[in-house]
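**Student:** Numbering (my numbering), first residue to last: 8 to 166. First the structure, which I've put down as structure tokens, then a few questions once you've had a look.
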């Protein structure tokens, strides 16, 4: 199921209404309102694959962390967002929520003050993070990505 939305609260409602859902892709739009109003109580949904794309940088760490609480059985996650806390802290928090995680894909812009933690340290946090790469632009802005033949943000054409 793929959803484009302006409201993060819709995610738990989708999960409640689709108890057998195994794959969910949510893209947050430009006019997203980043608040959780009256999110339903939901724990232990069997969702296995979750894709979250926030290309307009509307969600905070707390929003994403709250969403992860609804889907503890996810074993594959793909994330596209602006991370305002150190990535290593985010990854440790992710692992606390998703104990079955074995595949991690990302395109994460790092807006934190952490410019010291190197990519090797990040890759060593968990085996599913070994594919993370880091690029730095001229302004020392870091972007963390994983590469795959078919990425969820765009398709890479190969001969």
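Glycine residues also receive a C-beta, built at the ideal position from the N, C-alpha and C atoms.
1. What three-state label does DSSP hand residue 119 in the structure shown?
2. Please report the distance separating the alpha-carbon of residue 122 from that of residue 91.
3. Mind checking residue 40: buried by the 16 CB within 10 Å criterion, or exposed?
4. According to DSSP, simplified to helix, strand and coil, what is residue 100?
5. Just to confirm the assignment: which complete alpha helix (DSSP H) runs, minimum length 4, are found wholly within the region 24-111?
6. Take the Cβ of residue 147 as the centre, count every other Cβ of all protein chains shown within 10 Å, and call the residue buried at 16 or more, exposed below.
7. Which of helix, strand or coil does DSSP assign to residue 162?
8. So, under 8 Å CB-CB, residue 153 and residue 113 are touching, yes? Tell me the CB distance rounded to an integer number of Å.
9. DSSP on residue 10, reduced to helix/strand/coil?
10. Excluding five sequence neighbours on each side, which residues of the same chain lie with their C-beta closer than 6 Å to the C-beta of residue 78?
11. Which same chain residues end up closer than 7 Å to residue 130 when comparing Cβ atoms and leaving out the 5 residues on each side of it in sequence?
12. Quick check on residue 149: buried or exposed, where buried means 16 or more other Cβ atoms within 10 Å of its Cβ?
13. Using 8 Å for Cβ pairs, my map puts residue 111 next to residue 71. What's the rounded Cβ distance?
14. Going by DSSP in three states, residue 151 sits in which element: helix, strand or coil?
15. Go ahead and label residue 27 buried or exposed: buried means 16 or more other beta carbons lie within 10 angstroms of its beta carbon, across all protein chains shown.
16. For a test of the three-state rule: what should DSSP assign to residue 124, helix, strand or coil?
17. Do residue 89 and residue 64 have their C-beta atoms within less than 7 Å of each other?
**Tutor:** In short, the structure shows the following:
1. coil
2. 12 Å
3. exposed
4. helix
5. 68-76 and 94-104
6. exposed
7. In this prediction, residue 162 has a pLDDT of 40, which is less than 50 and means its spatial position is unreliable; what the coordinates show is noted afterwards. Strand.
8. 5 Å
9. strand
10. 52, 54 and 57
11. 136, 137 and 139
12. buried
13. Contact doesn't hold; Cβ gap of about 14 Å is too wide.
14. strand
15. exposed
16. coil
17. yes
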